[in-house]
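Numbered according to my numbering, the sequence shown spans residues 19 to 150. From the three backbone atoms N, C-alpha and C, an ideal C-beta is built for every residue, glycine too.
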Amino acid sequence: MSDPTSTKRSVAAGTSIGAAAIMVTVGILQLFQGIAAVAKDQVFVVGLDYVYKFDLTTWGWIHIGLGVVVAAVGLALFTGADWARVCAVVVAAISILANFMWLPYYPWWSVLIIALDVVVIWAVSTWDPDRA
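Below you can see the structure in the form of structure tokens.
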């Protein structure tokens, strides 16, 4: 019979590699989303007034910067280094906050990114590469 703790760690290790891939993909997509917002693309519809309302161009630059950072940390996460794991948790938390505030512009995308960031945080937090 296999050890449930060992199985859980194996799943977390595999999910951490997946989390790195998710972070790179999300970073690239946020970069493209930011470029579209800066270019004032017709994809984004500004709805009702929202407490966290910024100019669409400002949001575009925020997503460009965040996308570059998320992708870079995702690439670093493939190494399994402790600093990359800590950065991944911090960057994913910032991404959750930014996408929460981005909800009125693109709600379904924001909810999807928030869910993926939660998976990233869980995977990176539960993976111990020394014990795998």
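C-alpha gap between residue 44 and residue 73, whole angstroms: Approximately 22 Å between the Cα atoms of the pair.
Among 122, 113, 123, nearest to residue 137 - alpha-carbon criterion: Checking every option, the nearest Cα to that of residue 137 belongs to 113.
Pairwise C-alpha distance: residue 93 and residue 109: C-alpha separation (whole angstroms): 13 Å.
With 16 other Cβ atoms within 10 Å as the buried cut-off, status of residue 77: Under this definition residue 77 is a buried residue.
The segment 117-131 in contact with the segment 88-108 per 3-pair CB rule at 8 Å: Too few Cβ pairs lie closer than 8 Å, so no.
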